[in-house]
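Accompanying notes for the structure given below.
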Amino acid sequence: MSKWMSLVGAGAMACVLVVAAEGYVISKAAASPGESPAVLIGAGDIADCTDLSGAEATAKLLEQNAGTVMAVGDLAYPDGTKENFDCYDKTWGRVKARTRPAVGNHEFHSTGATFYFKYFGAAAGDAKEGYYSYGLGTWHIIVLNSECAEVGGCNAGSRQEKWLRADLAAHPAACTLAYWHKPLFSSGGKHGDDPEIKPLWQALYEANADVVVNGHDHDYERFAPQDADAKADAKRGIREFVAGTGGKNQRPFAEAHANSEVRNADAFGVLKLTLKAGGYDWQFIPEPGKNFTDAGSGVCH
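Mind the numbering: the sequence shown is residues 0 to 300 in numbering that gives the first Met the number 0, read in order.
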């Protein structure tokens, strides 16, 4: 079994390559009927060499839970250097073999996010792009690069946006999830919304994607399903989670957005998504000593 297939998980029973419009090469996984649920688990904003206690706490949670690990950007503070990734390696590096990362802004403090791509290798996708997709059970998973200036923009017609639309068209899965670092919607007091990402959300919305996971603001927040204009849409809206709870530090919220359903800024932890045929369960698992949690279920469009 190849390294790529082992990262995808036992649920992916077959793998082919599809060459889509614009010449993009996109991996496509075909799942067999009746598969067991797959697990995707993780967070963003993780390891700071000056204090690894939070990253150590969340790393232990990952070791206690099976599944593919999503490391949702800003993994190695402050500058994504080799030394910073040595600190990441001491904690979340213990589950590196099952990690599919997304790049964050702090990784690009080192030109071209050089050490991020060296550390993860092929698991991080093409180093010139930082976006890729893979199959997980019956779900299609998309990892995007929210450092738009580093990849020629995220606007409609940009290379990443064209790739995303081609990838979505090539994978008409019943259930689709995407994760990247900077959220389109966030009630976080430090960063808040990032409207530069809106064209990517719009492409996901038009393709009936179901779930988005982000980091960047150092808190946990869950939104009701909504469209790219922040209008509640129970029928085909995307549910977004902000999970910047990997261990760096916590920050307070600003005024809550209209569709924000749950918020917490005092517990490190990981978001566990159980991906089933036709639906998903979510659970926020806090570090030991914290009582906050959040759990629920959703159905795919």
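Where is the CB? At the ideal position from N, CA and C, for every residue including glycine.
The C-beta of Asn144 has 16 or more other C-beta atoms within 10 Å across all chains shown, which makes the residue buried. In this structure, DSSP gives Lys234 a state outside helix and strand, which the three-state scheme calls coil.
For Ile45, the three-state secondary structure derived from DSSP is coil.
If the five residues before and after Leu60 are omitted, its C-beta is found closer than 6 Å to the C-beta atoms of Val269 and Ile284, all from its own chain and listed in chain order. Judged by pairs of C-beta atoms under 8 Å, the segment 229 to 239 touches the segment 255 to 263, as three or more such pairs exist.
The C-beta of Ala96 has fewer than 16 other C-beta atoms within 10 Å across all chains shown, which makes the residue exposed. A direct Cα-to-Cα measurement between Ala122 and Ala266 gives close to 29 Å. Residue Leu74 holds the alpha-carbon nearest to the alpha-carbon of Thr98 among Leu74, Cys86, Gln249 and Cys153.
At the C-beta level, Asn290 and Tyr219 stay beyond 8 Å of one another.
Between Val241 and the set Ala206, Lys275, Gln282 and Asn207, the nearest pair of CA atoms involves Gln282. When only Cα atoms are considered, Gly129 and Ser157 end up about 14 Å apart. Rounded to the nearest whole angstrom, the CA to CA distance from Lys234 to His300 is 7 Å. Its Cα nearest to that of Ala126, the residue Glu149 stands out among Leu135, Glu149 and Ala169.
The beta-carbon separation of Cys48 and Cys86, rounded to 4 Å, stays under the 8 Å limit for a contact. Across the set Pro100, Pro251, Gly297 and Phe107, the C-alpha of Pro251 shows the shortest separation from the C-alpha of Ser185. Shortest Cα-Cα distance from Lys181 to any of Asp193, Cys174 and Gly188 involves Asp193.
The C-alpha of Leu39 is placed about 12 Å away from the C-alpha of Tyr133. Annotation for Glu146: no beta strand (DSSP E) segment contains it, and DSSP assigns it neither H nor E.
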